[in-house]
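Adding 857 to a residue's 1-based position in the sequence shown gives its number in our numbering. Cβ coordinates follow ideal geometry from the N, Cα and C atoms, glycine included. The structure appears below as C-alpha cells.
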Amino acid sequence: MKEKNDQKSSLILMPKIITLLSIITFAVLIIPYFNPVRFLPQLGDWSYLYFLGNSMQVDKQFIAAFPGIREFFANNAIAVFCGYFIGIFTVAQFISGLFISSKKANKSARGLMLLMIFSALNFAANLILIADICSANINVEKLGYSQLGIRYEIPIGTVVFMMLALTQFILGKIYRKKLLIEKGLYIKMTHSQRVENAKGYAFIAPYIIGFTCFTALPLIFSFFSSFTYYNITAVQKWYGIRNFTNLFTKDEYFWKSLYNTGWYVLISVPLAILFAMALALLMNMKSIKGLRYFRTVYYLPSVLSGVAVFLLWQWILDPTAGLLNNGLSMLGIQGPAWLFDAKWTKPSLVLMKLWGVGGNTIILLSALQSVPQELYDAGAVDGATGMKKFLHITLPMISPTLFFVIVTGVSGAFQVFDSAYIMANGTGGPNNSMLFYNLYLFNTAMKDQQMGLASAMAWILFAIIMVITVIQMIGSKKWVYYEGGKDKK
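The structure is reproduced here in C-alpha cells:
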C-alpha cells in the first residue's frame, strides 16, 4: 500500500518538477550574463570588413593579409548558430514542460518523449558550442593572434544549460517509465531482446547518421541561413525577413522565374500524364505484338544520362542543322528557332519532357494490368462501351497510381533545373525565357554567392510545393478510390 502511495505521489510531483526545470531554463536564457554567445570576440569588426568584399580579388587580398581568417569566421558562424539553436530548443523545452503539467496531458508519454528530444538537442547544441570554443582557442594559438588579446571563454551559461538539459532528460525518462508501468504498457526486456535491439540500431545507424548529417542538419542550417546575409566566405549577419521581402518586392527575376516555372508545370505535367496514359493503354492491348520491345524502348530515356540526353536534344533542336527542322523542311514547313527563340524555348523543354515519360508509362501500365478482368466482364454484360469502361472502371481502379504520378510529376516539374541549365548554358536563355526557379536559385547561390538569399528562395519553393501537395491531398478524397473505401486506414 505504501509503495502505491509513493508511486502516486511521484507521478503527481514529477511533472511539476519537470515543468519547474523548464521555467528555470527559460528564465536563465533571458539573463544576459548567461547568454551562450556573449563571448563573441572583437573579430566582429574584421568580419564586417570582409563581409563587404564581394569580389574574389578582395577575398584573396583579405585572406593574404589575415592568414587563417576563415577559421575565425567559421568559429563565429558555428557559435552564433549554436546560440540560435539553444534558444529555440530552450523555448521548445519550456512549451513542452507547460504542456506536460496541464491537466489534459499530465500523463502523456508522447509529450514526455518530445521534451526528452528537445532536452537532448539542447545538450548537444551546448556541447558543440564548447567544442567550437576550444577549436577557436586552438586557432588563436596556432596563428599567433593571442597577442592581439583575442581569447574565447566558455560562458557559464553553457554549462548551466547542459546541466539543466541533462537533468530534465533523466527526469523525463524516469517519469515516462513510471507512466508506462502505471498504464500496464511497460515491458521489461530480457538480455536477448536488448541484444536484438542493439543489433537493429546498429544496422540502421548508418542511415540515421547519414540522414542527420547530410539531410536534417543542412535543412536546419538552410532555414536559419534564409534569415541572414551570407555570401559563403564571410560571417553570417542576421538579416531578419529582408531576404523574403526583397524577393517579393524588389527582385524582378524572382517573379520571372516563378512565371516560367508555373508555365512549365501547367503545360508539361498534364501533357506528360496524358501521353504516358495513352502509351500505357496501347501497351496494355494484348493484340499488339512485341510488347516487351516497346516497353524497353519507351523506358530507355528514363535510364539514360541526363547530360548526354540534353546534348542530344541540343543537336536535334538546332535551328539550322537540327534533325527536327530538317525533317519539317522535307514536309515544306519552316521550323522555329527553338532554343534561340523566347517563344519556343519552354515548348522545346516540354517536348523533351514528353520524350522521357517512359517511367510513368511503366507505372501506369502496371496499374492497368492489376485491374480485375471480372469488372470489365460485368461492365460488358451491363452494356458498357469502351469509353464507359475506361471512365467508370479503369480510371477509378487506377486512381491511386494516377494520383501518385500527378503528385510526383508536379513536385518534379517545380524543381526543373538540369535541362534548362544545359540547354541555356546556365544563362536563362533568350529574354530569360528559360530562367526557371531552380536555375535562378542556383545562380544566386553559386554565381552571386548569396547563400542567405538562395536559402530563402529554397524555402519559398518548399512552401509552394507543400501547399500544392496539401491541396492535391485534400482534393484526392473526391476522386481517388481505395479498395476498402472509408474503412481503409
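So for Tyr1009, helix, strand or coil by DSSP? coil
Give the straight-line distance between the Cα atoms of Pro1257 and Tyr1338, rounded to the nearest whole angstrom. The alpha-carbon atoms of Pro1257 and Tyr1338 are separated by roughly 7 Å.
Report yes or no: do the stretch 1267–1282 and the stretch 1139–1158 share at least 3 C-beta pairs separated by less than 8 Å? No, they do not touch.
Expressed to the nearest angstrom, what Euclidean distance is found between the alpha-carbon atoms of Ile990 and Glu998? Cα-Cα distance, rounded: 13 Å.
What do you get for Cys1070, buried or exposed, if any count of 16 or more other CB atoms within 10 angstroms of its CB means buried? By the 10 Å Cβ count, Cys1070 comes out exposed.
Length of the line joining the Cα atoms of Cys879 and Leu955: In the sequence as presented, Cys is not what sits at residue 879; that position holds Ser. Cα to Cα, Ser879 sits roughly 8 Å from Leu955.
Is it buried or exposed, Asn1282, if we count other Cβ atoms within 10 angstroms and call 16 or more buried? exposed
What are the residues that DSSP puts in a beta bridge with Tyr1096? Its beta-bridge partners do not exist; DSSP assigns none.
C-alpha gap between Leu1292 and Thr1284, whole angstroms: 7 Å
Measuring only between beta-carbons, confirm whether Ile1250 sits less than 7 Å from chain B. The structure shown has no chain B; it contains just one protein chain.
Within this structure, are the beta carbons of Thr1251 and Tyr1155 separated by less than 7 Å? The Cβ atoms of Thr1251 and Tyr1155 do not sit closer than 7 Å to each other.
Apply the 10 Å Cβ neighbour rule to Gly1240 and answer buried if 16 or more other Cβ atoms are within range, or exposed otherwise. exposed
Is the beta carbon of Pro1287 less than 7 Å from the beta carbon of Ala1178? no
For the alpha helix (DSSP H) containing Asp1234, name the first residue and the last one. Gln1230 to Val1238
Close-in-space but distant-in-sequence residues of the same chain around Tyr905 (CB under 7 Å, 5 per side omitted): Annotation note: pLDDT 41 at Tyr905 (below 50); position unreliable, no value reported.
CA-to-CA distance, Lys1246 to Tyr1233, given in whole angstroms: 7 Å
What does the alpha-carbon distance come out to for the pair Gln1093 and Asn1054? 42 Å
Could you please give me the residues that DSSP links to Thr1085 through a beta bridge? Trp1095
Helix, strand or coil: which one does DSSP assign to Glu998? helix
Span of the alpha helix (DSSP H) holding Lys1143? From DSSP, Lys1143 is part of no alpha helix (DSSP H); its letter is neither H nor E.
Does the separation of the CB atoms of Asn979 and Ala1022 fall below 7 Å? yes
Given this structure, state the Cα-to-Cα distance separating Ile1061 from Ala981, to the nearest angstrom. 21 Å
Helix, strand or coil at Asp1275 according to DSSP, with G and I counted as helix: Of the three classes helix, strand and coil, the one that applies to Asp1275 here is helix, per DSSP.
Using CA coordinates, which residue listed in Trp1336, Val1262, Glu1231 and Phe1078 is at the minimum distance from Leu1248? Trp1336
Since Thr1301 is in the alpha helix (DSSP H), which residue starts that stretch and which ends it? Where Thr1301 is concerned, there is no enclosing alpha helix (DSSP H), given that its DSSP letter is neither H nor E.
Is there contact here, the stretch 1254–1269 with the stretch 1315–1333, by at least three beta-carbon pairs under 8 Å? yes
Sub-7 Å separation of Gly1067 and Leu969 beta-carbons: For the pair Gly1067 and Leu969, the CB atoms are not nearer than the 7 Å cut-off.
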